[in-house]
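For reference, the structure is listed below as structure tokens.
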Amino acid sequence: MGMTPRHMLFPTLVVAALPLLAACGSEGRAAATWNGTMDTLASGQIVVHNTEQPMWPARSEWRAEEDLRIGTMEGNGPDLLGEVRWLEIDPAGRIWVLEGQAQEIRIFGPDGRYVKTVGREGGGPGEFAGALHIQLGPDGNMWVVDPQNNRISLFDTSGTFVEAKHIPGGFTIIPWPGGFDAAGYQYGPIPLPGESMFTLGLVRYDSTFTPLDTIRAPEDPIERERFELKRGKDMYWITSIPYTGGFESHLSRAGTIWGMVKDDYRLFELSRNGDTLRTITRDFTPLPVTEADMEAAHERLADFIRNGGKVDWSKIPDTKPATEDFFLDDEGNIWVEPVTVQAEQGMVFDVFDPEGRFLGTVQLPFPLRMSPPPTVRGSVLYGITEDELEVPYVVRARIVKP
């Protein structure tokens, strides 16, 4: 699949109390002032509300400067990428690229030069059938999740196969919702019984890979209408109504789960037992659904209509949701992709600090895919971009923080 254009994304507030001011500046630089509010409820939940005014002073915003791009649209070498399922960075700064089509891992040095290939398609030790995720574990090994082989394969950072660990398999979730937290616990998804067709749970494993407990992943708190097509026993087609918002959730390095309601710019953090720890909201000005957007909606629903699906165009709202997706960096900052006017190039993120205060907007000089999610290590961002022909590239950028 190609990258979704900015205009093509389809799928109860608590009023806080006292405004807080945060000054963080040095001599010769304007102090940062936060105009939002933060309150702690009797339950212990922290409620943060942000205005549209960022905390960063003018000319103090973070900016991204691309310094490496790996990929090509010609030839058949290791830098010809087809479907990048995940990226990971080892302690030496080498980039491990999990190539989904070839079912292998290609390692590139910090300078972008090809180093070696690890694994291949198959069912033997160190081979992959449907690898989806790769992450550096607390033991110093790379953990490669392969649910089609019902296992996680471990490799040392030289690329040598170490061992395999059994996991429940047979299903594919992209992007993979599990991984390690900062305490070294590993999380892996399993289906849970529920009212919906598929309810996701996350099993938490200790350092010996013994399951400890199961966390029910959050679901969309809004019951949404969808267009449905039923034809006998052979066809059941459900499609979301364009521009009606949706829901995203991601595991954090703290072992909590963050959810985001796209409609009204609302994020919340859940503990392992499902308690709400923090809610973050931000004022926003909704963008109208334009004639070009409606043309895009017609194009997206064309196959559904050709197969007999009925579309009530009056159900498409007049305005777009606030956000599209988000990810968390290694310092706990939250990078939210807002719905923006279609741009020729680049991409913007609203950045919130770990407390939930809106810092400001980071402009990237390139678009990024959100699956796999971008990775930020310190002041370095890694992700997947595509050119106009939808050829994928690994991209690295330095985040300059004045």
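When we follow this note's numbering, the leftmost residue of the sequence shown carries the number 58, and every step to the right adds one.
We put the beta carbon where it would ideally sit given N, CA and C, even for glycine.
Source: prediction; values computed, not measured.
DSSP places residue 361 in the uninterrupted alpha helix (DSSP H) bounded by 359 to 363. Per DSSP, the unbroken beta strand (DSSP E) holding residue 304 starts and ends at 304 to 308.
Residue 375 carries a coil assignment under DSSP once its states are collapsed to helix, strand and coil. Within the stretch 412 to 449, the runs of beta strand (DSSP E) that reach at least 3 residues and sit entirely inside it are, in chain order, 415 to 421, 432 to 434, 437 to 443.
Assignment of residue 459 by DSSP, reduced to helix, strand and coil, places it in the coil class. In this structure residue 293 is exposed. Its beta-carbon is surrounded by fewer than 16 other beta-carbon atoms within 10 angstroms. Straight-line measurement puts the Cα of residue 458 at about 11 Å from the Cα of residue 113. By the criterion of at least three beta-carbon pairs nearer than 8 Å, the stretch 98 to 107 is not in contact with the stretch 428 to 443. A straight-line Cα-Cα distance of about 31 Å links residue 275 and residue 355. Selection 149, 367, 247 evaluated against residue 172 yields 149 as nearest (Cα-Cα).
Uninterrupted beta strand (DSSP E) stretches at least 3 residues long and entirely within the stretch 144 to 190 occur at 152 to 156, 161 to 165, 171 to 175, given in chain order. Straight across, the Cα-Cα distance linking residue 443 with residue 151 is about 21 Å. Counting along the chain, no beta strand (DSSP E) covers residue 329, and no H or E run does either.
Listed in chain order, the non-local C-beta contacts of residue 410 below 7 Å within the same chain comprise 390, 416, local neighbours out to five positions each way being set aside.
In the DSSP assignment, residue 384 falls within the beta strand (DSSP E) that extends over 380 to 385. Residue 243: member of the beta strand (DSSP E) spanning 243 to 249, first to last residue. A distance below 8 Å between beta-carbons, with the five flanking residues on each side excluded, links residue 367 to the following residues of its chain, in chain order: 284, 286. For residue 201, the closest of 234, 191, 207 by C-alpha to C-alpha distance is 191. In the three-state scheme derived from DSSP, where H, G and I count as helix and E and B as strand, residue 91 is classed as coil. By the neighbour-count criterion, in which 16 or more other beta carbons inside 10 Å mark a residue as buried, residue 295 falls on the exposed side.
With respect to residue 420, residue 208 sits apart: the two C-beta atoms are not nearer than 8 Å. For residue 297, the beta-bridge partners assigned by DSSP are 283. Here DSSP, grouped into helix, strand and coil, assigns residue 268 to strand. The beta carbon of residue 140 is closer than 8 Å to those of 156, 157, 158, 449 in its chain, skipping five residues each way along the sequence. DSSP links residue 261 through a beta bridge to 244, 270. Here residue 170 is not near residue 135, since their CB atoms are 8 Å or more apart. If you ignore the 5 residues before and after residue 248, its C-beta comes within less than 8 Å of the C-beta of 228, 255, 256, 257, 258, all in its own chain and listed in chain order.
Within its own chain, the residues whose Cβ lies closer than 6 Å to the Cβ of residue 407, once the five positions on either side in sequence are excluded, are 393, 395, 418, listed in chain order.
Bounds of the beta strand (DSSP E) holding residue 104 are 103 to 107. Apart from sequence neighbours up to five positions away, the residues of its chain that approach residue 242 with a beta-carbon distance below 7 Å are 261, 262, 263, 312, ordered along the chain. Counting only the Cα atoms, residue 301 lies some 28 Å from residue 291.
Between the alpha carbons of residue 314 and residue 387 lies a gap of roughly 15 Å.
Nearest C-alpha to residue 99 among 414, 434, 165, 335: 335. Counting C-beta atoms within 10 angstroms of its own C-beta, residue 348 has fewer than 16 neighbours from the protein chains shown and is therefore classed as exposed. Here residue 273 is actually not in contact with residue 179; their C-beta atoms are around 35 Å apart, not less than 8 Å.
Distance check between residue 147 and each of 130, 160, 328, 165 places 165 closest, using alpha-carbon atoms only.
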